[in-house]
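Scroll down for the structure; my scribbles are underneath it.
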Amino acid sequence: MHRVFKLSFPLRPAIVLLVPVAIALLAACTPDNNQSTFGTAGPIARDQAALFKFIFWIAAVVFVLVEGAVIYASIRFRQRSSSDKLPHQTHGNNKLEITWTIIPALILIAVAVPTLTQIWEQQSGVPDDRGEVLNVEAIGHQWWFEFRYPDHEIITSNELHIPVGRPVSFKLDSQDVIHSFWVPKIAGKVDMVPLNDNYMWMIGDEIGEYYGQCAEFCGIAHAHMRFRVFVHSEEDFQAWADGMHVAADAPAPGSPEASGQQGFNTYCSTCHTNNSTTPGSYAREISFQDARWNGWISDIENAAIVSAPNLTHFGTRTTLAAGLKELNHSTLVDWITDPSSIKIGTRMQEHAAVYNTEDGTADLSPGQVSDIATYLLSLKPGSGSGGGAPATGGGVVDGAEVFATNCSNCHSTTDIKIVGPGLAGIGDRAGSRVPGLGVDEYIKQSLTDPAAYVVDDYPAVMTDWGHLGTETIEALVTYLKTLK
Amino acid sequence: MANLWHRLTHYEGNGWWNLPRSASAEANPPHEGPIGGAWLSNIFRTLTHGGVSHAGPGFYWLVGLMLAIITLLEVWLFAVEGLGAWYVPLLLGLSALKFVGVVAFFMHLRFDNRFFTYVFVASMLIGIGIFSALLLLMEYAHQVP
Amino acid sequence: MWAFLGSDVMFFGAFIATYLVYRGRSLNGPYPSEILNIPVTSVSTFVLLMSSLAMVLGLHYVKEGQKNKGTLWILAVVLLGMVFIGFQMVEFSEFVNEGLTPRTNIFGTTFFILTGIHGAHVTIGVLWMAFLAYGSHKGTLRPDNALDLEIAGLYWHFVDIVWIVIFTVIYLISATDGPPPGAELLHG
Amino acid sequence: MTTNSLTFPRFIPRPKSDTGIWSWIGTVDHKRIGTLYGLTAFMWFIVGGIEALMIRVQLAQAESTLIGPETFNQLFTMHGTTMVFLVIMPLSAAFFNWLIPLQIGARDVAFPRLNALSYWVFLAGGLILNFSWITGNAPNGGWFGYAPNSGATFNPGLGMTYWIVGLNILGVASIAAGLNFIVTIINMRAPGMTMFKMPVFTWMTLVTSVLLVLAMPVLAVAGIQLQTDRVYGTHFFNSLGGGDPVMWQHIFWLFGHPEVYILILPAMGIVSEVLPTFARKPLFGYPFVIFAGIVIGFMGWFVWSHHMFTVGLGPAANSAFAISTMLIAVPTGVKIFNWIGTLWGGNLKLNTAMLFSISFIAMFTIGGLSGVMHASPPTDAQQQDTYFIVAHFHYVLVGGALLGIFSGIYFWWPKFTGWFLNEKLGLANWALMMIGFNLQFAPQHWLGLDGMPRRIYTYAENMGWENSNLAASIGGFVLGLGILVFMFNVLYSKMNKKIAPADPWDGRTLEWSTSSPPPPHDFDVIPQVQYRDDFWFKKYPETVAEYYGHGDDHAVPSGAQFDDEPVNAIPTVSGGAEDHGHGDDGHGGGHAIHLPDKSYYPFILGVGISILGIGFLTHFSVFLVGAPFFIWGLLGWSLEPVNDPA
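Protein chains in written order, with our numbering: chain X, 1 to 484; chain F, 485 to 629; chain Y, 630 to 817; chain B, 818 to 1463.
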């Protein structure tokens, strides 16, 4: 047996212990990596990294001392030959015990002081001496992020734009499960807990594009729940914010964009809004998002409507599917055709009627998909003329477009019930709803005084759309009557 | 301090950790119940049966009566309006009294080791500690804007 | 047994803490103030308290070797325990009739689960005591193995003290709880 | 003992045979139950290891599509649950069962039938949990089961129900085992063994048992609440109904953090036995090691919110828990320093068991230091839910608990079986495990700091995570190879038996005083205890003065007076023999050795409990099947005397 002991070359534990150290040196932390916590671009992340390094070096010293002692003792006091001599049978040493109780305690106090300082700096509200605060509400959804700018009345998704050097105050919420909001290079994470308002703040002090990712396990597509943060110069940020209120140019008739718009309005606009540029669209989109959520939670099995990212000015984005892929025509076509080829588990594929096919791919021809993609990529702040809400433009008002803009979040053009009734065949039945009201009169009354008559089993939630103007409403009525 | 240390760490005749090995070593516990110790027990023992070492039915009836009175008192407090902020602490105090009453005078396991009593008391302390902390956290621990 | 009771302390502690955390968070009625019936529950609390008294007396007589008195008092424990469970069943069905179920609101959730689990403990205790009463009647429960009864008694007293806490916390303290301030605003 | 004169019909005869399957099903022998625990836990260890390797295969390269997200979520959920509840805890329980009666000089545990029940219930819980794989509905909400992601709305399958039912059944087993060992350690010590003469492993078992008994009910509450939410539509964690998902996190971690110490303290106990034996000197600072253990056990209750630093508890709560978390590092450090003190100046036999123990100190230190790094909420904000945390707790649980357990296996194997494990293969086993383990988990530190979140089934190519992940995956397979070498070692050593004497390592504690393997009744005569490490000091009486002698410090002197007193000065049971080595059996008789008779009822009750558990998963009518078993087991148990009248 003793031969075996001799074979256990005593340096072996030393070598094995050195492995992690060696790896540490080899894999020296690389701040260039997209989510490195060391490539900091904001004061919070910088403080956190500095605190980490402070603790790390203390730990390194302790590590070397302790492991050194273990290795030294293992070698120095190993059994030589077969000497069975008994070592001194000590029971311990009280002075030593007290020493090595107090020294770690002192070290921990040294760690605790900067820790507490930073906790109170970072977690007790946004500082008011660092510049004008930008307020953002970030909302986690399975599996994408929604960003609302209450000051600017902007809603967007998956790509967050902030101005450089200004504190951004986040109100974090979630609509479904717990998510976590994390931009490693700018600030550590804070969880998004449903109906538990959480707050954090951050400053991005270097212009650039940064990666963010959901860090709390949130279900099947957790790995794919990412986002981007763009830190702009103040001017660029203003330009972006202003652009978000400029409507996209209407597609030229007959162009692929126009055909794509048609497709979008038919298949996508039930859940996706793509034109939140006009005054009032901010509040409306929030209420739609709530309605979509209620549509899903109240009947998960058969929901025809789910929460979905706002696609306003989608063409200005750089990424697809919550920061997963570079956004271009071919990735977008892949995405629309079969979302699970990029991201498994999307609500879109699960619930949207257009994916109700044998293999789960979209029930669209390649041409249609391509047109929709082209249309979406064309969504950018327009030249300013002729765009905007159709109601404000001159000339012929397109009822279909008005419907897609204003109504399709709650009403489908088929028989499917979303929030309100599906409107296929409305022209046939509108005349018999209220005695004395003809088809046109009934539809008009429903639009301008919706509470006057509510169809059974539907909630009386529709608002007065009289502000659209007579001309628009006329066009809408004409369009609605064509629905079969 | 040194004395305490010795009592804790070393075996000395009646040290805290000198736990008898079996039932026979502690056949007659010095006092009833784990809580309150000899002090509380002796008071009631004197009150009820003049220092007889064994509690009798009379003693139990008396404790039962007191518990019933406390319950009535609680219900009366409930009926009385206008106690305001005193209401909850008063009730908690009274029910703590009942709690101790039952534990101290009804519950005693003669042939069990004192260590188990410590386990129970420790669990009470840990339980009260962590669950109060939990209440505080759920009530007040929130991020501010 | 004390150690087991320590375990049970944590068990009930967690439930009671849950109740307290969620106290006053119900978003819709019926609220505690509308539904709790303090006088009736006071009676059932009294019943359970007296069962503890019966318990110690039973134990006392069994130890003294007075078989018949012992059996009688243990039977009294069983009876009082059953009365308590009866009260609880009446209370539960009453609440359900008035529209409070575990699904109605968070008060219903925490109330039913906490008192229900306590009721399950009482039921186990009643069965245990019935078993021992039978043993006492048959003469197998004697002074020399009164430890069995003593352990069961500890359990019984523990269930009683848990009820003392529940009665105070759920009934007396919460009896005036109405809707939380701004409940209707939360989700409107 | 109490109702034996009742003439209820015996439902089934008592098992009598000492061999064959029925003797195992009816066994109440702590050694056999320990073996069952060990074998079952090792089986789950292989299952959990395969799950881990599948995770590593999927993550070895970027954008891998070998395993889909659904399966991946099930894999990491079951890997965590299995390794915590079905491997480390029961492996520790195997050591408790085998060693506690031997170390305290008893013939069995306090409640042998409860002990058997605890095993059968554990087996049932493990089977129910893993049966979910066969149904394709394995739990997928993470081992932490955060609501609402684990609730019925977002997780409609049966998976999380399996998880809840399985864990609650395992909880019953743990509470039963915990109670049993508390009572055993308190009531059944050999005459003269005061609390501060108990072996450290026994002490750590006691602390662990208390933690088990107090922590598992909290998990049960969490499980019941989640279950009623899922099945009956209550609102405990449903924020739409007034509940709060943060509450789940609090309750879960109220259980979860003591659980961490439940996992690590037994390994600390094992190491505290192995190091002194092979250093051939007593444990350095015995009372300090024990107090550190008690303090850890107590403080472990007040640090749970450090799992929730990013939940948004606000600065005050985060500060408080940061401080309490850092404080708990102090007693842990004390233990590590005392182990080094034990090595220092020793005469170290560097065999496999010792190498595992030394590696334990080294690896656990790394886990402890990285723990301090995220005890600080600001740095934790970057590290929470990243691979840094994964690396940290694997250094604690693999580098700590598992290495400790392997050390214990090599150390006590001769005692358990009567033959040695091969040392050369043991060295290979150790080296492969250490290399593989470090290669797997050291790079994960960097992955975490590079921003790789946990629980993602795939990652993009441009993140710079490929190399480290590949290294980790290779390390995983090296570690797996180490485990294969261990299994081969067992087979090889069994075929080439090298018979072990009663005291192969020149041991220190009472278990080495009886034969290897011990007889069914453990000790022919119950030992009388005079000293800490009584067996050692009786072998080397000349060292007594050296250990207890009056030195320059004052930790011992007055205590030594008492420690040195002959045992008859210590109150013992009536009838205790006064001369050394001729004690009675602890029951005052001193003649016949009474062992508890075998019984089928623990098994029947276990079957009943598991069928009732299945009822929650399937249909309430299954209760009707389970209830008879349950009642039969309970009644039979109550009416059957522990021992038949001789």
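Using N, Cα and C, we set each Cβ at its ideal position, and we do this for glycine too. These numbers come from a predicted model, not from an experiment.
Between the C-alpha atoms of GLY1114 (chain B) and LEU1028 (chain B) there is a straight-line separation of about 7 Å. Here DSSP, grouped into helix, strand and coil, assigns VAL628 (chain F) to coil.
Residue range 847-876 is occupied by the alpha helix (DSSP H) that includes GLU868 (chain B), with no beta strand (DSSP E) assigned at that position. Judged by their CB atoms, GLY188 (chain X) and ALA1208 (chain B) are not nearer to each other than the 9 Å cut-off. Rounded to whole angstroms, the separation of the alpha carbons of SER446 (chain X) and GLY431 (chain X) is 12 Å. Apart from the 5 residues on each side of it in sequence, TRP861 (chain B) sits with its Cβ closer than 8 Å to the Cβ of THR899, LEU903, VAL904, PRO907, GLY943, ASN947 in its chain, given in chain order.
At least one C-beta of chain Y is nearer than 9 Å to the C-beta of HIS1052 (chain B). The continuous beta strand (DSSP E) containing ARG148 (chain X) extends over residues 144-149.
Chain-order list of chain B residues neighbouring GLY635 (chain Y): VAL1030, LEU1031, by C-beta distance under 7 Å. Rounded to the nearest whole angstrom, the C-alpha separation of THR1326 (chain B) and LEU1219 (chain B) is 23 Å. For TRP100 (chain X), the nearest CB of chain B lies under 9 Å from its own CB, placing it at the interface with that chain.
Residues of chain B whose Cβ lies closer than 8 Å to the Cβ of ILE178 (chain X) are, in chain order, TYR963, PRO965, ASN966, PRO1062. Any Cβ of chain F closer than 9 Å to the Cβ of ASP47 (chain X) would place that residue at the interface, and such an atom is absent. GLU326 (chain X) and THR318 (chain X) have their C-alpha atoms some 6 Å from each other. If you look at ASN135 (chain X), you'll find it in the beta strand (DSSP E) that goes 134-141. Taking a contact as a CB-CB distance under 8 Å, the pair LEU621 (chain F) and HIS1067 (chain B) counts as one, their CB atoms being some 7 Å apart.
The beta carbon of GLY974 (chain B) is closer than 6 Å to those of ASN954 in its chain, skipping five residues each way along the sequence.
According to the DSSP assignment, GLY768 (chain Y) belongs to no beta strand (DSSP E), since it is labelled neither H nor E. Counting along the chain, the unbroken beta strand (DSSP E) around THR156 (chain X) starts and ends at 154-157.
In chain order, HIS1067, SER1122, LEU1130, ALA1134 make up the part of chain B whose C-beta sits under 8 Å from the C-beta of LEU621 (chain F). Residue state for ILE342 (chain X) is assigned as coil, using DSSP reduced to three classes. For ASP371 (chain X), DSSP assigns no beta-bridge partner whatsoever.
Residues LEU134, HIS232, GLU234, PHE237 of the same chain have their beta carbon placed closer than 7 Å to that of PRO163 (chain X), with the five preceding and five following residues left out of the count. A direct Cα-Cα distance of roughly 14 Å separates GLY323 (chain X) from ALA215 (chain X). Judged by DSSP in its simplified three-state form, ASP789 (chain Y) adopts helix.
For the C-beta of MET758 (chain Y), not a single chain F residue is nearer than 8 Å; the gap to the nearest is close to 15 Å.
The criterion of a C-beta distance shorter than 9 Å is satisfied by LEU1082 (chain B) and GLY1110 (chain B). Sequence-distant Cβ neighbours of PHE1440 (chain B) in its own chain, meaning closer than 7 Å and more than five residues away, are LEU1429, GLY1432. Residues of the same chain with a CB within less than 7 Å of the CB of GLY1163 (chain B), apart from the 5 flanking positions on each side, are ALA1096, ARG1097, LYS1098 in chain order. Nearest CB-CB separation between PRO541 (chain F) and chain X: not below the 9 Å threshold. For the region 393-451 of chain X, the continuous alpha helix (DSSP H) assignments of 4+ residues that do not extend past its boundaries occur at 399-406, 426-429, 439-448, in sequence order. When CB distances to chain F are screened at a threshold of 8 Å, the residues of the region 124-142 of chain X falling below it are SER124, GLY125, VAL126, in chain order. If you check each beta-carbon in the region 160-177 of chain X against every beta-carbon of chain F, the ones closer than 8 Å belong to SER169, LYS171. In terms of Cβ geometry, PHE939 (chain B) and ALA994 (chain B) form a close pair [threshold 9 Å]. At a cut-off of 9 Å between beta carbons, LEU665 (chain Y) makes no contact with chain B. Non-local C-beta neighbours of TRP100 (chain X) in its own chain, meaning closer than 7 Å and more than five positions away in sequence, are absent.
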